[in-house]
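Q: Letter by letter, the sequence shown follows residues 364 to 518 in this note's numbering.
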Amino acid sequence: MSLVEAWNRSLTADPTTAGWFRDCVLLDPNFDPDGLRVAVADGQVVGCAYGVRRLTPLAPGTDLEPESGWIPFFFVAPEQRGRGLGRRLVDEAVTFLTAQGRVKVDFASYTPNYVLPGADPETYPEGFRLLQAAGFQTLYSPVAMDRSLVGYVTP
364 MSLVEAWNRS LTADPTTAGW FRDCVLLDPN FDPDGLRVAV ADGQVVGCAY
414 GVRRLTPLAP GTDLEPESGW IPFFFVAPEQ RGRGLGRRLV DEAVTFLTAQ
464 GRVKVDFASY TPNYVLPGAD PETYPEGFRL LQAAGFQTLY SPVAMDRSLV
514 GYVTP
């Protein structure tokens with residue numbers, strides 16, 4: 364099973380595509396392969412956590428946010444949950460970031476390649492509890508909204 368297939372089996376409310384993953388993770392100018400922690404069992408991807416820090420400025424005239432790091436996503440395949448794998452992956456991502464001098468790590472709020480609006484306690488209660496147990500705190504409660512513009516007429 365590929366990483367994208369494992370993602371889609373694990374993050375069922377937030378599916379992705381190989382193209383999006385390539386463009387927004389692997390080709391992100393801040394991508395560092397050491398920050399992408401992938402768990403494999405029997406030749407299949409069963410979990411992943413991604414730690415990223417800014418290597419290039421977000422916009423001209425801005426800094427690299429040298430104290431900040433992000434975990435834009437993590438997941439564990441349903442059949443692997445409850446065994447400590449998610450915690451190990453998140454801890455490895457945090458360790459990667461702190462080894463790079465980051466003292467503040469946020470979940471989900473990474474730009475420019477936004478992945479999730481935050482940890483959703485209703486959709487992913489196990490992941491939400493895992494982040495709390497790892498010391499993450501709720502800073503705000505985002506709302507993600509969208510609307511199809513096909514057939515939309517300006518009122």
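Where a beta carbon is used, it is the ideal one built from N, C-alpha and C, also for glycine. These figures come from a predicted structure and were not determined experimentally.
Mind listing, in chain order, the continuous beta strand (DSSP E) runs of no fewer than 3 residues lying wholly within the segment 433-492?
A: DSSP runs (the beta strand (DSSP E)) wholly in the segment 433-492: 467-470.
Q: For ALA471, count neighbouring Cβ atoms within 10 angstroms of its own Cβ and tell me buried if that reaches 16, exposed if not.
A: Buried.
Q: Between the segment 457-474 and the segment 401-417, do three or more beta carbon pairs fall short of 8 Å?
A: Result yes; three or more Cβ-Cβ pairs closer than 8 Å.
Q: When you compare only the Cα positions, how much space is there between PHE499 and THR425?
A: So the two alpha carbons sit approximately 26 Å from each other.
Q: Is ARG492 buried or exposed, if buried means 16 or more other CB atoms sit within 10 Å of its CB?
A: Looking at its Cβ environment, which holds fewer than 16 other Cβ atoms inside 10 Å, ARG492 is exposed.
Q: Could you check the C-alpha separation between THR517 and ASP391 for me, to the nearest Å?
A: So the alpha carbons of these two residues sit roughly 35 Å apart.
Q: Quick test of the definition: if touching needs 3 or more C-beta pairs under 8 Å, does the segment 393-406 touch the segment 479-490?
A: Touching, no.
Q: Starting from the C-beta of SER365, find all residues in its chain whose C-beta is less than 7 Å away, skip the five residues before and the five after it, and write them out in chain order.
A: For SER365, where only same-chain residues beyond five positions count, the Cβ hits under 7 Å are VAL408.
Q: Quick one: what does DSSP say LEU389 is sitting in, helix, strand or coil?
A: DSSP places LEU389 in helix when its eight states are reduced to three.
Q: How would you write the range of the beta strand (DSSP E) that LEU399 sits in, first residue to last?
A: Element bounds for LEU399: 399-404.
Q: Taking DSSP as the reference, what is the three-state secondary structure of GLY382?
A: Helix, per DSSP.
Q: State the Cα-Cα distance for the pair LEU564 and ALA422, rounded to the nearest angstrom.
A: It is not possible to answer for residue 564, since the shown part of the chain is limited to 364 through 518.
Q: Would you mind reading off the limits of the alpha helix (DSSP H) that contains VAL367?
A: Per DSSP, VAL367 belongs to the alpha helix (DSSP H) from 366-373.
Q: Would you give the residue range spanned by the beta strand (DSSP E) that GLY410 belongs to?
A: First-last of the beta strand (DSSP E) with GLY410: 407-415.
Q: Suppose the cutoff is 7 Å on Cβ atoms and the five residues either side in sequence are ignored; what does the same chain contact list for GLY464 look like?
A: Excluding sequence neighbours, GLY464 sits near PRO429.
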